[in-house]
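The next block holds one structure in the form of structure tokens; read it before the comments.
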Amino acid sequence: MAEKTYVEDIDRSMYDFRYEEKDAYRIEEGLDPAIVEQISKEKNDPRWMHDFRMKSLEIYNHIQMPDWGPSIEGLDMAHIATYVRPNTKMANDWDSVPEEIKDTFERLGIPQAERKSLAGVGAQYDSELVYHNVQDFAEKLGVVYSDIESALRGPYADMIRDHFMKLVPPTDHKFAALHGAVWSGGSFVYVPEGVHLEIPLQSYFRLNAKGAGQFEHTLIIVEDNAYLHFIEGCSAPKYNVANLHAGCVELFVGKNSTLRYSTIENWSKNMYNLNTKRALVKEGGKIEWVSGSFGSHVSYLYPMSVLAGRGASSEFTGVTFAGKGQNLDTGCKVVHNAPDTTSVVNTRSISKSGGISTFRSAVVINPQAKNSKSSTSCQSLMLDSESRSDTIPAMDVKTQQADVGHEAKIGRISDDAVFYLMSRGLPEDDARALIVSGFADNVGKELPLEYAVEMNNLIRLEMKGTNG
Amino acid sequence: MEPLLKIQGLSVSVDDNEILHDLNLTVGRGETHVLMGPNGAGKSTLGNTLMGNPHYKVTAGTIIFNGKDIADLSVNERAKEGLFMSFQSPIEVPGVSLSNFIRTALEQRSGKRIRLWDFKKEIEQKLKVLNMDPSYADRDLNVGFSGGEKKKAEILQLLMLKPSLAILDETDSGLDVDAVRTVSSGVKEYQKDKDGALLIITHSTRILESLHVDQTHVLVNGHIVENGGAELVDEINENGFTRFEEK
């Protein structure tokens with residue numbers, strides 16, 4: 004496809020291709036007990052999980068839709084298929100994955116990245132994982148990386164039961180309850196004590212089906228004195244009906260361990276991304292969130308860190324880019340529950356062509372969290388006068404002995420800067436794209452090289468034809 | 373041989389105020405010209421106009437560069453043609469390293485990928501000429517640079533991009549003696565390296581002490597009031613601009 008000059012129809016062909024749906028099974032649209040029963044049966048749930056789903060559905064029916072953020076009126080649960088199973092079994096070599104699905108992931112660069120720089124890969128297509136593989140060396144270290152469904156029946160069944168939706172209970176909010184009822188797919192990772200996995204694991208979530216929802220569950224348990232870098236990617240082709248993503252991520256970080264959780268999210272612009280992520284960090288442990296949000300029509304995304312042990316820390320580095328027709332409400336939450344805990348938040352938001360980008364954060368420092376420190380810095384860049392950017396930081400500090408700082412900056416690209424870069428030979432679009440990439444470099448420099456390159460490509464794609 | 377730059381009857385306005393009036397100026401290949409004049413004479417206006425700053429509107433006249441009328445060319449197309457300007461106040465661009473920026477610019481100009489190894493070797497050599505620590509290449513473009521460091525970074529870009537005409541807009545202003553000397557040696561390197569032509573805009577004469585000058589032009593109130601050789605620089609050095617302002 005040739006490059007076009009209008010923002011409205013930028014060439015997203017890299018993500019926008021789609022295959023005809025050849026699902027083996029697609030559940031009826033809508034949500035009622037019969038549908039949840041059916042999903043549970045399809046997935047051959049253990050009894051407790053079946054009951055958990057039914058209970059979650061009940062909770063879902065009793066919770067109000069959130070009314071404090073971007074409008075989700077366009078999302079009608081009566082028209083969302085909550086379960087779509089691709090016509091394949093999970094494989095651990097790409098050759099056993101059906102051609103079209105394999106081709107999808109190849110175009111997204113997943114098998115290539117796996118060969119070069121990953122210790123394990125999981126690939127989900129619609130509601131189920133179609134590929135899962137862990138390199139031998141990681142397995143030998145005792146690292147477990149599997150789909151949740153197998154883990155529910157394997158040697159880690161009790162561990163799953165002890166942790167599943169304990170950090171994000173279905174009562175948390177409407178879409179957590181929905182997730183509890185219809186979740187499918189996702190990953191389970193277990194890193195034993197003392198194991199430093201130097202090479203990242205990656206899960207990629209692709210929603211190909213139209214008018215469907217994806218509800219993958221990611222559960223990661225990192226024992227004491229260990230290290231893990233987990234990368235999550237997601238994308239979908241564009242349809243003219245609403246799609247829904249309501250995943251759930253639960254992370255348990257052991258004493259003196261570090262977990263880095265990186266996400267490049269590029270859902271298509273008909274997606275409602277109502278995702279919940281949360282980490283519980285023990286004494287001396289650290290959670291590092293690296294988050295790039297580029298896609299979706301509406302996003303509600305606020306990864307939360309609970310600093311439960313002395314000296315635990317959280318670092319959140321994020322960039323959000325809202326273009327035409329996008330209303331992205333992103334940020335994070337940190338709860339300091341122990342002394343000497345530290346949190347750092349550093350975000351950039353970019354809005355363009357009428358896009359709305361809102362940074363929303365909450366820092367809670369509880370009375371017992373003496374000598375805790377928290378600093379938040381958010382910067383916004385608005386690329387034109389029709390775009391919007393808001394900053395809503397909340398702080399709730401319940402001890403005198405805490406050091407809390409916040410800094411916000413809002414700016415535009417100056418004509419002088421564009422002239423300066425152009426005077427060295429850069430065309431105007433490239434000059435603007437370079438300034439925006441530089442602005443988003445807080446995230447770029449935290450990502451592994453290939454992902455940083457992908458992020459800069461996304462920025463260039465979004466910036467093409469700004470002046471067209 | 374046709375001149376590198378030929379400006380004829382050029383008038384320029386900013387926000388509807390005419391700053392330059394009916395200006396003529398010719399620069400030959402490899403020549404060094406000096407444009408001097410008191411503050412507010414319109415010197416920087418000329419530099420910005422040549423480079424294509426959209427803030428400056430050409431209301432009359434032509435600018436022929438390399439045999440081509442460049443009045444309608446965009447800023448980057450002018451750069452591709454071989455024009456360069458060292459900015460009076462270089463802009464800070466966070467998140468973009470100096471070396472990445474130069475490499476991107478080179479690739480844009482040539483349309484070809486640059487071999488990283490060759491590039492690294494060259495930039496290291498040029499950094500040396502300018503007495504700059506190699507670590508500057510990895511720092512964000514102009515961010516946190518002192519005034520002198522910013523000017524040196526401009527000359528570094530000049531040496532790497534190798535234009536055929538470089539406009540130095542007040543490159544010596546605000547620099548201490550040592551920095552002026554370093555910048556001068558960078559400029560000399562450019563002159564001999566590529567037989568590069570220069571239009572040096574300045575209101576002082578310090579940067580000119582060690583450079584060979586072909587022609588000097590004196591700009592007062594938007595008019596070129598006198599043209600001469602290097603001796604004009606010496607005269608201004610001694611007596612200032614009073615004689616020209618009375619004209």
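Listed in order, the protein sequences are those of chains A and B. The end of the first sequence is residue 471 by our numbering, with every number in the run present. The end of the second sequence is residue 619 by our numbering, with every number in the run present. C-beta: ideal position from N, C-alpha, C; glycine also.
Chain A places no beta carbon closer than 7 Å to that of Q460 (chain B), leaving this residue out of the contacts. For N420 (chain B), the closest C-alpha among the options B:I573, B:G519 and B:T398 is that of B:I573.
For G77 (chain A), the CB contacts under 6 Å within the same chain, skipping 5 residues up- and downstream, are A245 in chain order. Note on I413 (chain A): under 16 other CB atoms within 10 angstroms of its CB, so exposed under the neighbour-count rule. Contact annotation for L310 (chain A) against chain B: no contact, minimum CB-CB distance about 29 Å [criterion: below 8 Å]. Between I353 (chain A) and F319 (chain A), the CB-CB gap reaches or exceeds 7 Å. Contact between the segment 448 to 462 of chain A and the segment 392 to 408 of chain B is absent: fewer than three C-beta pairs spanning the two stretches fall below 8 Å.
Per DSSP, D399 (chain A) lies in no alpha helix (DSSP H) segment; the continuous beta strand (DSSP E) that holds it begins and ends at R391 to V400. In this structure, K241 (chain A) keeps its C-beta atom at 7 Å or more from the C-beta atom of G328 (chain A).
For D393 (chain A), the closest of A:C381, A:D387 and A:V407 by C-alpha to C-alpha distance is A:C381. Identification of residues in the segment 388 to 417 of chain B having a C-beta nearer than 7 Å to some C-beta of chain A yields an empty set. Nearest C-alpha to V501 (chain B) among B:L376, B:Q529 and B:R487: B:Q529.
In this model, S360 (chain A) and D227 (chain A) are separated by some 37 Å (Cα to Cα). Chain B places a beta carbon closer than 7 Å to that of S426 (chain A), counting this residue as a contact. Collapsing the DSSP output to three states places L437 (chain A) in a helix.
Bridge pairing for Y193 (chain A): A:V147 and A:I224 [DSSP]. Counting only runs of at least 4 residues, the segment 411 to 478 of chain B fully encloses the following alpha helix (DSSP H) elements, listed from N- to C-terminal order: 415 to 423 and 447 to 453.
Within the segment 314 to 388 of chain A, no run of alpha helix (DSSP H) at least 4 residues long lies entirely inside it.
Per the C-alpha coordinates, the member of A:G236, A:H166, A:S149 and A:G250 positioned closest to K177 (chain A) is A:G250. Short of 7 Å from the beta carbon of K285 (chain A), and not among the five residues preceding or following it, lie these beta carbons of its own chain, in chain order: V256, G257, K258, A311, G312 and A315. Sorting A:S149, A:A126, A:L111 and A:P306 by C-alpha distance to the C-alpha of V100 (chain A) places A:A126 at the top. As the crow flies, the alpha-carbon of D96 (chain A) is around 8 Å from that of H135 (chain A). At a cut-off of 7 Å, the C-beta of D432 (chain A) has no neighbouring C-beta in chain B. Residues Y508, A509, R511, L513 and A525 of the same chain have their beta carbon placed closer than 7 Å to that of L470 (chain B), with the five preceding and five following residues left out of the count.
Remark: fewer than three beta-carbon pairs, one from each stretch, lie closer than 8 Å, so the segment 436 to 451 of chain B and the segment 492 to 500 of chain B are not flagged as touching. For Y305 (chain A), the CB contacts under 6 Å within the same chain, skipping 5 residues up- and downstream, are G334, C335 and K336 in chain order. The beta carbon of G287 (chain A) is closer than 6 Å to those of K258, N259 and G314 in its chain, skipping five residues each way along the sequence. When DSSP assignments are scanned along the segment 558 to 594 of chain B, the uninterrupted stretches of beta strand (DSSP E) that are 3 or more residues long and fall wholly within it turn out to be 569 to 574 and 587 to 592. When the alpha-carbon of L247 (chain A) is set against those of A:E291, A:G298, A:E201 and A:L204, the nearest one is in A:G298. Relative to L231 (chain A), the option among A:C237, A:K169 and A:S265 whose CA is nearest is A:S265.
Think of a sphere of 9 Å around the beta carbon of M373 (chain B): no beta carbon from chain A falls inside it, the nearest being about 26 Å out.
In this chain, N514 (chain B) is not harboured by any alpha helix (DSSP H), its DSSP state being neither H nor E. Contact annotation: in the segment 443 to 454 of chain B, residues whose CB is within less than 9 Å of a CB in chain A are S446, V447, N448, E449, R450, A451 and K452. If you ignore the 5 residues before and after L570 (chain B), its C-beta comes within less than 6 Å of the C-beta of T404 and A538, all in its own chain and listed in chain order. Taking all protein chains in view, the Cβ of I202 (chain A) is surrounded by fewer than 16 other Cβ atoms within 10 Å, so the residue is classified as exposed. When the alpha-carbon of N609 (chain B) is set against those of B:M408, B:N503 and B:V384, the nearest one is in B:M408.
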